[in-house]
Each structure stands twice: as structure tokens, then as C-alpha cells.
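Asks: Residue numbers (this note's numbering), protein chains in the order written: chain A, 1 to 119; chain B, 120 to 252.
Before I ask anything, let me first share the structure, which is written out below as C-alpha cells.
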């Protein structure tokens, strides 16, 4: 059975893809960014914080990652990307702001997969 | 940061992400495995610096100051094409991959598409700037 952090990663990747697809659909339909999309982004951030806390285990246990610096880099990036992206579109609810959410969520999906590969 | 909306916001997001990705990758590889492929790792760091400058250039261009972006985006495109070609033609220089190896295949070719998308946006931006004068 996969470890707890691996199971959380599966959820993170699935949820990140869902957020990215919804954000892209909103952008393609040329709608303003709805509030519920922001809420979904912050829910994803919460999941990432839980994943990061679970990911601290390998750093203090015997089963250290192959490259600790790479692993820590992905861990930090995973929790920083969404707040920075949301800050960059603060006060901007126009069409292109949803596209930024799509890019950030997609990046989170990739980072989560890479994090799992380096764990 | 400019609060005016537009496609430049997406470009800025991509450039920020690639500055982070290329910079972290280059620093980790240069400090932990320098001897394996020094040329490739230095080129990754050059890519990271290019993305950071590209981010600044696009931000300036979005405010109507397009001069720096006109130079920077061409430099970036030349870098991707040169490193991409070298990585195929002179394989011994690249025992390990660089960010722009094989035209950015490791990043889904986004590094090759990004400067082209930037230049297309810039052309439109220049037209808009001229119209508003």
C-alpha cells in the first residue's frame, strides 16, 4: 500500500488538474474569474501544506531521499507557487487572470509528481 | 506590479516559474554534481538569468516601455535554438541535460514556445502603444 504522503500526492495531482481545467474553461469562455475558483485554489494550497508536512518525514527518518536538496526545493516550491500566482492577479478578475490560475495549477501538478519521484 | 490585465500576466507567470525551475535546478546541479556536466549546468544558470531578465522585460513592455523586451526576447530565442542545436550536434558537451537541451524537451518544449509567444505579444503591444500615442 502506498505511503500516506504518496496518497496525498495522488489527491493533489488530481485536484490540481481539475483546478487547471476549470480555470482554462473559464478563460476560454471569456468569463470573469469567479470567487469559487479562488476558494478551490486555496483548498489546493491547504492540501499542499498537508503534503509538505507529511513530506518532512523522509528528511528526519532513516529513509532519506536520493537528493535532499532537490527534494527540499520541490517541497518549498510546492507551497510557494500558488500564493505568488494569486498575489500577481490580486484585484484583477478579468479573463487572463483565470489563465494564470490554470498555469499555476498545472505547475503544481508537475511539481507534485516530481516531488514524489525524488522522495 | 502592473494591475492592468492582459495576456502578459500569463507570460509573466510562465517566466517566473521558469526562473524558479531553471535557477533551482542549476544551483543544485552546480553545487552537488558540478563535474558531471559543467557546460550543461552553467547553460542552465544562463537560462535562469535569461528568464529573470525576460520577466522584467515583459513587465516593462506591459507598461509601454518595449525597448528592453525587443532585445531580450530575441536573445532568449537565440539561446534556446543555439543550445538546443548544440545539445544534438555536440553530445559530449552534454553528458547531462541542460534546461534548453533538445529545445526544452524536458519541459514539454515550453522553453521553445515561450520566446515566440512573447515576441508575438510584443508586436501587438507595440501596435497598441503606437495607437494610444
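Where a beta carbon is used, it is the ideal one built from N, C-alpha and C, also for glycine.
Mind reading off the beta-carbon distance from residue 112(A) to residue 13(A)? Whole number of angstroms is fine, and I expect it under 8 angstroms.
Replies: Correct: roughly 5 angstroms between the Cβ atoms.
Asks: Along the alpha helix (DSSP H) that carries residue 157(B), what are the first and last residues, could you check?
Replies: Residue 157(B) -> alpha helix (DSSP H) spans 157–181.
Asks: Residues in the segment 163–193 of chain B with C-beta within 9 angstroms of chain A's C-beta atoms, listed in sequence order?
Replies: Against chain A - using a Cβ distance shorter than 9 angstroms - the segment 163–193 of chain B contributes no residues.
Asks: Closer than 9 angstroms between beta carbons: that is the criterion. Which residues of the segment 120–143 of chain B meet it against chain A?
Replies: So the close ones are 120, 122, 123, 124, 125, 126, 127, 128, 129, 131, 132, 133, 135, 136, 139, 140 and 143.
Asks: Using a C-beta to C-beta distance shorter than 7 angstroms, which residues of chain B count as neighbours of residue 89(A)?
Replies: Those are 128, listed as they occur along chain B.
Asks: Please identify the residue among 206(B), 235(B) and 225(B) whose C-alpha is closest to the C-alpha of residue 188(B).
Replies: Nearest of 206(B), 235(B) and 225(B) to residue 188(B), Cα basis: 235(B).
Asks: Return no unless some Cβ of chain B is closer than 9 angstroms to the Cβ of residue 99(A).
Replies: Chain B, which has a Cβ nearer than 9 angstroms to the Cβ of residue 99(A), makes this yes.
Asks: What are the uninterrupted segments assigned as alpha helix (DSSP H) that are 4 or more residues long and contained completely in the segment 127–157 of chain B, given in chain order?
Replies: The segment 127–157 of chain B contains these whole alpha helix (DSSP H) runs: 127–151.
Asks: Can you tell me which of the three DSSP states residue 120(B) falls into?
Replies: Annotation note: pLDDT 46 at residue 120(B) (below 50); position unreliable, no value reported.
Asks: Under 8 angstroms between beta-carbons, which chain A residues line up against residue 147(B)? List them in chain order, please.
Replies: Within chain A, the residues near residue 147(B) are 67, 69, 70 and 73.
Asks: For chain A, check one thing: does any of its Cβ atoms lie closer than 9 angstroms to the Cβ of residue 201(B)?
Replies: No - not a single Cβ of chain A is within 9 angstroms of the one on residue 201(B).
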